[in-house]
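Each protein sequence line maps, in turn, to chains W and R.
Every position in the first sequence, counted from 1, becomes a number in our numbering once 136 is added.
Every position in the second sequence, counted from 1, becomes a number in our numbering once 402 is added.
Reviewing the structure listed below.
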Amino acid sequence: MPRLEVLKTYKIYIGGQFPRTESGRYYSPVNKAGKKLANVCLCSRKDFRDAVVSARSAFGGWSSRAAFNRSQILYRMAEMLEGRKAQFIDELIQQDATRAHAEKEISLAIDRLIYYAGWCDKFQQLFSAVNPVASSHFNFSVPEPTGVVSIIAPQGDALLGLVSLIAPVIAGGNTCVVLASETKPLCAVTFAEVLNSSDLPGGVVNILTGKPAELVSWFTDHMDVNATLYCENNSDVQKLIREKSASNLKRVHFYDKVNWYSAEGQSPYFIMDSQEIKTTWHPVENIAGAGGGY
Amino acid sequence: MATKKKAVRSKPSGKKSNTIRLKFDTSWSYAPAPESKSAATIDKQYDLFINGTWQKPLSKKYFSTINPANEEKLAEVAEASEADVNKAVDAARTAYEDVWKKMPPKERAKYIFRIARIVQEKARELAIIETLDGGKPIRESRDFDVPTAANHFFYYAGWADKLEYAFPNRRTSPLGVAGQIIPWNFPLLMAAWKIAPALATGNTVVLKPAETTPLTALKLAEIIQEADLPPGVVNILTGAGATGAAIVNHPGINKIAFTGSTEVGKIIQRAIAGTNKKATLELGGKAANIIFEDAPLDQAVEGVINGIFFNQGHVCCAGSRLYVQESVAKEVIRKLKDRMESLLVGDPLDKNTDIGAINSKQQLDTIRKYISIGKKEGAEMYESSCRLPGKGFYCRPTLFTNVAQSNRIAQEEIFGPVLAIITFRTDDEVIEKANNSPYGLSAGVWTDKGSKIFNMTKRLRAGVVWANTFNKFDPASPFGGYKESGFGREGGLHGLLPYVQLTS
Numbered sequence: 137m138p139r140l141e142v143l144k145t146y147k148i149y150i151g152g153q154f155p156r157t158e159s160g161r162y163y164s165p166v167n168k169a170g171k172k173l174a175n176v177c178l179c180s181r182k183d184f185r186d187a188v189v190s191a192r193s194a195f196g197g198w199s200s201r202a203a204f205n206r207s208q209i210l211y212r213m214a215e216m217l218e219g220r221k222a223q224f225i226d227e228l229i230q231q232d233a234t235r236a237h238a239e240k241e242i243s244l245a246i247d248r249l250i251y252y253a254g255w256c257d258k259f260q261q262l263f264s265a266v267n268p269v270a271s272s273h274f275n276f277s278v279p280e281p282t283g284v285v286s287i288i289a290p291q292g293d294a295l296l297g298l299v300s301l302i303a304p305v306i307a308g309g310n311t312c313v314v315l316a317s318e319t320k321p322l323c324a325v326t327f328a329e330v331l332n333s334s335d336l337p338g339g340v341v342n343i344l345t346g347k348p349a350e351l352v353s354w355f356t357d358h359m360d361v362n363a364t365l366y367c368e369n370n371s372d373v374q375k376l377i378r379e380k381s382a383s384n385l386k387r388v389h390f391y392d393k394v395n396w397y398s399a400e401g402q403s404p405y406f407i408m409d410s411q412e413i414k415t416t417w418h419p420v421e422n423i424a425g426a427g428g429g430y
Numbered sequence: 403m404a405t406k407k408k409a410v411r412s413k414p415s416g417k418k419s420n421t422i423r424l425k426f427d428t429s430w431s432y433a434p435a436p437e438s439k440s441a442a443t444i445d446k447q448y449d450l451f452i453n454g455t456w457q458k459p460l461s462k463k464y465f466s467t468i469n470p471a472n473e474e475k476l477a478e479v480a481e482a483s484e485a486d487v488n489k490a491v492d493a494a495r496t497a498y499e500d501v502w503k504k505m506p507p508k509e510r511a512k513y514i515f516r517i518a519r520i521v522q523e524k525a526r527e528l529a530i531i532e533t534l535d536g537g538k539p540i541r542e543s544r545d546f547d548v549p550t551a552a553n554h555f556f557y558y559a560g561w562a563d564k565l566e567y568a569f570p571n572r573r574t575s576p577l578g579v580a581g582q583i584i585p586w587n588f589p590l591l592m593a594a595w596k597i598a599p600a601l602a603t604g605n606t607v608v609l610k611p612a613e614t615t616p617l618t619a620l621k622l623a624e625i626i627q628e629a630d631l632p633p634g635v636v637n638i639l640t641g642a643g644a645t646g647a648a649i650v651n652h653p654g655i656n657k658i659a660f661t662g663s664t665e666v667g668k669i670i671q672r673a674i675a676g677t678n679k680k681a682t683l684e685l686g687g688k689a690a691n692i693i694f695e696d697a698p699l700d701q702a703v704e705g706v707i708n709g710i711f712f713n714q715g716h717v718c719c720a721g722s723r724l725y726v727q728e729s730v731a732k733e734v735i736r737k738l739k740d741r742m743e744s745l746l747v748g749d750p751l752d753k754n755t756d757i758g759a760i761n762s763k764q765q766l767d768t769i770r771k772y773i774s775i776g777k778k779e780g781a782e783m784y785e786s787s788c789r790l791p792g793k794g795f796y797c798r799p800t801l802f803t804n805v806a807q808s809n810r811i812a813q814e815e816i817f818g819p820v821l822a823i824i825t826f827r828t829d830d831e832v833i834e835k836a837n838n839s840p841y842g843l844s845a846g847v848w849t850d851k852g853s854k855i856f857n858m859t860k861r862l863r864a865g866v867v868w869a870n871t872f873n874k875f876d877p878a879s880p881f882g883g884y885k886e887s888g889f890g891r892e893g894g895l896h897g898l899l900p901y902v903q904l905t906s
């Protein structure tokens, strides 16, 4: 008798752990050939809220790490991804990609991580300013991460799109909760395993699977989420996101026109989309010994 | 850590102050020093400034603007209806497509420089009108509002032909027609903050000043006319909330820039859902001003006074929550009360006045509501003993001690001269308390220790952090909030981004 294959259970990723959805629900996406990909967690609002709690508690630590250290961790993620290339190609093919496309997508995804690993400790220099104010003050402006970012990953480009969204957000010191492609969730879950073995602290990236139609409104309504990224060209959903985002004035960005395979698919401006500019003032004493300057 | 501290501080409490307590019960008083109203010309009635000309409102309606210092009527201004907004947006669109977008940037720059110069030339008149219409002390409108407004135009004028240097590896293009809605606390300055970067980046403008303070914006329209700015590049419409809503909802608007309350900011965010309109929202705040025991206390007290009583506290970034380290709380509160006694409250046109009139009856009611809420919630109120003028809207400088973090006066924006004081013991505690707010516009830190300053300024979640100073502004310095204080920046290089489209 031939050996029976061990099937993988695709679970979600919250706070550095792989739980099942609290809802106990699952769905079974199929590929074009009609083959079932897996039983995948059908996440609920409660899963999202748990993930936000993890992301928020990871934010302080992640955002205050040295930018250089974040850079090394992103580079480590790329190393891990490179090492598991074959598995991703396999999953991408299961999700209807040709071998050539799958190879291209995984290579670009790895290179994208390297690209943003390099930006971690450089974009601040590019977008900071020392401001020549007229009064006797030292005044400078620097970017700082906005906080917890909710991401609805693209339905297509299930790996490259996912990586292209997560990388600039965490390179800038934010934490995130990501909803994987509904129809092509396999490599998102496997990517979580890459993250888990990359020295990335638990909670920095949380990955859920499920239906955008069910979850989008929670992703953009939650009061402890600071920004929302959305990639589909669905005007009804875009409208819903903008409306719901008003609850606590989230920063909202739509990337429906971005081609992740092109040169426009990566830039430090994606990092800046989840950054705030902080300006700091301090008096400069201008007469020695005068004790003034306040 | 705790034992170490104990050893260092030999006399933790009851430390003898080396400053002399000022006496206020003397017969000294200041002679009146009023600025002359005659140096300003205010028309009886103002129409709408559309397409470079003054046009009667299609609504045929006018409303009065009054001097909050004595409740006297200053002028009547037109109330722009939806039809008037349509006219203004059409004019702005035509000016954008036919003139402004095509104009060489260096020429655009020169127009903005011209505006800056004329504002400087008319500074005295503008300051007087600002004070008459809004109630702020002439000292502030003369020394802060008007010059800073002129400087803002001057600063952004120079950017117009240098935009390719502002965004690495990107080209910029304007967005189109910007709808801009500004508040009543810094009427002319906010108009400058809005118009200057919009014009420099090649956009045209429909601007609505607040209904209680329309006059300096209308004076600015006269200046724009005098500068020969092409018709329609800047249109100024007066009106109230309905006029603002018509601007926000107009399909011909590409960008909304709003400064005002968080509540209205959220309404705007919902209103533009489903459109391609971009938005900059500069909203409310509840700034924490933090005093550590090692701070230079006299300077800190001055900073706190300026932080909360500047412009009658009508400042979105006002330092309205004071966190003072327990060991110096008693001394700081005593010094604050002393300093409050010396503040002159009264005629805004008097050059000696520190605190002028509250902007409107409505705002005075809001402030009074919060003062009574503060008392009901169990905080202890103290107000200065000054005499208030019989007519007009005035409020004594007020502070609350024994405030709890959860009290409404510590959580909600009052927008008046009311300070809530809370004590703390450790760095971590004060960071936790300071950041415990839906707002994140500004914050202040007072300490003599450099490393502590950077620790604090880094951990405070606010867009502007003043260390050993407060309420400082400059055209070169970006301003804007985190969290529910809005998004986008105004001022400096970062203030260009909200008005441009970037392409590679």
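No residue lacks a Cβ here, since even glycine has one placed at the ideal position from N, Cα and C.
Just the chain R side, please: which residues come within less than 7 Å of residue i by C-beta, in chain order?
{"i": "W/P419", "result": "N870 and T871"}
{"i": "W/P268", "result": "A878"}
{"i": "W/T416", "result": "T859, V867 and A869"}
Using 10 angstroms around the beta-carbon of residue i, count the other beta-carbons present and answer buried if the total reaches 16, otherwise exposed.
{"i": "R/K599", "result": "Going by the sequence as given, residue 599 of chain R is Pro instead of Lys. Classification for R/P599: buried."}
{"i": "W/N369", "result": "exposed"}
{"i": "W/P390", "result": "In the sequence as displayed, the identity of residue 390 of chain W is Phe instead of Pro. Buried: at least 16 other Cβ atoms inside 10 Å."}
{"i": "W/E241", "result": "buried"}
{"i": "R/D756", "result": "buried"}
{"i": "R/S879", "result": "buried"}
{"i": "W/D360", "result": "exposed"}
{"i": "R/A482", "result": "buried"}
{"i": "R/E509", "result": "exposed"}
{"i": "W/T415", "result": "buried"}
{"i": "R/K407", "result": "Low confidence applies to R/K407: its pLDDT is 42, below 50, so where it sits in the model is not reliable, and the reading given next is rough at best. So R/K407 counts as exposed."}
{"i": "R/N605", "result": "buried"}
{"i": "R/A441", "result": "exposed"}
{"i": "R/A869", "result": "buried"}
{"i": "W/L344", "result": "buried"}
Starting from residue i, find everything on chain W with Cβ-Cβ shorter than 8 Å and list it in chain order.
{"i": "R/H652", "result": "None at all; the shortest Cβ gap to chain W is about 17 Å."}
{"i": "R/E815", "result": "Near R/E815 there are no residues of chain W at all, since even the closest Cβ is about 14 Å away, more than 8 Å."}
Could you tell me which chain R residues have their CB closer than 9 Å to the CB of residue i, listed as they occur along the chain?
{"i": "W/A169", "result": "Within chain R, no residue comes near W/A169; the closest Cβ sits about 38 Å away, beyond 9 Å."}
{"i": "W/N129", "result": "The structure shown has nothing for residue 129 of chain W, since chain W only spans 137 to 430."}
Can you pull the chain W residues whose beta carbon is under 9 Å from the beta carbon of residue i, in chain order?
{"i": "R/I674", "result": "R378"}
Cβ closer than 7 Å: which chain W residues qualify as neighbours of residue i?
{"i": "R/R544", "result": "None at all; the shortest Cβ gap to chain W is about 16 Å."}
Just to make sure I have the definition right: I need the residues of chain R whose C-beta is within less than 8 Å of the C-beta of residue i. Which are they?
{"i": "W/N384", "result": "P840, K885 and E886"}
{"i": "W/I413", "result": "G865, P880, G882, R891 and H896"}
* Residues in the region 359–382 of chain W having any Cβ partner in chain R nearer than 9 Å -> If the cut-off is 9 Å between Cβ atoms, the region 359–382 of chain W has M359, N362, S371, D372, Q374, K375, L376, I377, R378, E379, K380, S381 and A382 near chain R.
* Asked: Hey, is the region 840–847 of chain R in contact with the region 683–697 of chain R, meaning 3+ C-beta pairs nearer than 8 Å?
  -> With a cut-off of 8 Å, the region 683–697 of chain R and the region 840–847 of chain R count as touching, because enough Cβ pairs lie within range.
* Asked: Counting Cβ pairs closer than 8 Å, one from the region 663–674 of chain R and one from the region 632–639 of chain R, do we hit at least three?
  -> Remark: fewer than three beta-carbon pairs, one from each stretch, lie closer than 8 Å, so the region 663–674 of chain R and the region 632–639 of chain R are not flagged as touching.
* Say whether the region 189–209 of chain W touches the region 255–275 of chain W, bearing in mind that this needs 3 or more beta-carbon pairs closer than 8 Å, one atom from each stretch. => At 8 Å Cβ cutoff, the stretches touch.
* Determine which residues of the region 242–273 of chain W have a Cβ less than 7 Å from any Cβ of chain R, and write them out in chain order. => Result list: L262, A265, N267, P268, V269, A270, S271 and H273.
* **Runs of alpha helix (DSSP H) wholly within the region 350–400 of chain W (minimum 4 residues, chain order)** => Within the region 350–400 of chain W, the complete alpha helix (DSSP H) runs of at least 4 residues are 371–381.
* **Secondary structure, beta strand (DSSP E): runs of 3+ residues fully inside the region 419–480 of chain R** => Here the runs fully enclosed are 450–452, 455–457, 464–469 and 474–480.
* Determine, using beta-carbon pairs with one atom in the region 177–196 of chain W and one in the region 214–232 of chain W, whether at least three such pairs fall under 8 Å. => Output reads no: the region 214–232 of chain W does not touch the region 177–196 of chain W.
* Three or more beta-carbon pairs under 8 Å between the region 350–370 of chain W and the region 224–233 of chain W, yes or no? -> Inter-segment contact for the region 350–370 of chain W and the region 224–233 of chain W is absent: fewer than three beta-carbon pairs are separated by less than 8 Å.
* To do: Let me know the beta strand (DSSP E) ranges lying completely inside the region 659–702 of chain R, each 3 residues or longer, listed in chain order.
  => Along the region 659–702 of chain R, the beta strand (DSSP E) occurs as fully enclosed runs of 3 or more residues at 680–684 and 690–693, listed in sequence order.
* Taking a Cβ distance cut-off of 8 Å, strictly less, list which residues of the region 211–239 of chain W are near chain R, in chain order. => For chain R, none of the residues of the region 211–239 of chain W brings a beta carbon within less than 8 Å of one of its beta carbons.
* Asked: For the 8 Å Cβ check, are there 3 or more pairs between the region 442–454 of chain R and the region 476–496 of chain R?
  -> They touch, by the three-pair rule.
* Do the region 710–727 of chain R and the region 811–822 of chain R touch if we need at least three Cβ pairs shorter than 8 Å? -> The region 710–727 of chain R, when compared against the region 811–822 of chain R, does touch it at the 8 Å Cβ threshold.
* Asked: Does the region 690–708 of chain R come within contact of the region 558–574 of chain R, defined as at least 3 CB pairs closer than 8 Å?
  -> In this structure the region 690–708 of chain R does not touch the region 558–574 of chain R; the number of beta carbon pairs closer than 8 Å is below three.
* To do: With 9 Å as the C-beta to C-beta threshold (strictly closer), list the residues of the region 656–670 of chain R near chain W in chain order.
  => So the close ones are T664, G667, K668, I669 and I670.
* Completely contained alpha helix (DSSP H) runs for the region 164–205 of chain W, where each covers 4 or more residues -> Listed in chain order, the alpha helix (DSSP H) runs fully inside the region 164–205 of chain W are 181–200, counting runs of at least 4 residues.
* Asked: What residues from the region 295–308 of chain W come within 8 Å of chain R, judged by C-beta to C-beta, listed N to C?
  -> Those would be none; no residue qualifies.
* To do: Residues of the region 175–188 of chain W with a CB closer than 7 Å to any CB of chain R: list them in chain order, please.
  => Residues of the region 175–188 of chain W whose Cβ lies closer than 7 Å to any Cβ of chain R: none.
* Quick one: any contact between the region 294–311 of chain W and the region 897–905 of chain R, if contact means 3 or more CB pairs under 8 Å? -> Short answer: they don't touch.
* Closer than 7 Å, Cβ to Cβ, to anything on chain B: give me those residues from the region 277–289 of chain W, in chain order. => Looking for chain B here will not work: the only protein chains present are W and R.
* Asked: Three or more beta-carbon pairs under 8 Å between the region 703–721 of chain R and the region 532–544 of chain R, yes or no?
  -> In this structure the region 703–721 of chain R lies against the region 532–544 of chain R, because at least three pairs of beta carbons, one per stretch, are closer than 8 Å.
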